[in-house]
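Residue numbers (the working numbering): 256 to 428. C-beta atoms are modelled at their ideal positions from N, C-alpha and C, and glycine is treated no differently. These notes concern the structure reproduced below.
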């Protein structure tokens, strides 16, 4: 089974106390007070915090989490985009979202993020599974699957599975 990365959707530090979760994603839209509190508590517990959103780099520089989730889907040159961010956040763990096509996955991988993220929807689910299998066969970079809708997560063979906190805790019951 994959390791879970849990995306925080509610300003609540309780997920930090779940021993099965070692990594979290904070959206850049959370309040400053919550962000600092969450990151400090995560660090005390030895857990990782990554930031996502259009202002993730600013957020990273302000609050010093462990890394960033970069969405390269709208970038004409994803490699350059990732390399630019890496030059400004030298110690950051980088997770990069790629479009669900082989060519884009290769372009993102050329920038050597710490892991690549494939988003999953109901439409095209089987194609995404095949893309993930292909990626696993040819690349050494770890990968994560991030379902955007209800899909059968048991079929996804990724290194990491990203779930929103509400979804993760509903499955854990």
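{"Check": "Sort 376, 401, 357 and 380 by Cα distance to residue 261 and report the nearest one.", "Outcome": "401"}
{"Check": "On the three-state DSSP scale, how would you describe residue 425?", "Outcome": "helix"}
{"Check": "Roughly how far, in whole angstroms, is the beta-carbon of residue 387 from the beta-carbon of residue 349, given that I think they are within contact range, below 8 Å?", "Outcome": "Actually they are not in contact, since the Cβ atoms of residue 387 and residue 349 sit about 19 Å apart, beyond 8 Å."}
{"Check": "Taking the straight line between their C-alpha atoms, what separation do you get for residue 316 and residue 347?", "Outcome": "10 Å"}
{"Check": "Which runs of the alpha helix (DSSP H) at least 4 residues long sit entirely within the segment 312 to 362? Give them in chain order.", "Outcome": "333 to 343"}
{"Check": "For residue 423, count neighbouring C-beta atoms within 10 Å of its own C-beta (all shown protein chains included) and say buried if the count is 16 or more, exposed if not.", "Outcome": "buried"}
{"Check": "Can you give me the C-alpha to C-alpha distance between residue 390 and residue 321, rounded to a whole angstrom?", "Outcome": "25 Å"}
{"Check": "Pick helix, strand or coil for residue 310, following the three-state DSSP scheme.", "Outcome": "coil"}
{"Check": "For my contact list, residue 444 and residue 411 are in at a C-beta cut-off of 8 Å; report their separation, rounded to the angstrom.", "Outcome": "The first residue shown for the chain is 256 and the last is 428, placing residue 444 beyond what the model contains."}
{"Check": "If distances are taken between C-alpha atoms only, which option among 331, 329 and 296 comes closest to residue 319?", "Outcome": "296"}
{"Check": "So the candidates are 399, 374 and 415; which of them puts its Cα closest to the Cα of residue 405?", "Outcome": "374"}
{"Check": "For residue 277, which residues in the same chain have their Cβ closer than 6 Å to its Cβ, ignoring the five residues on either side in sequence?", "Outcome": "302"}
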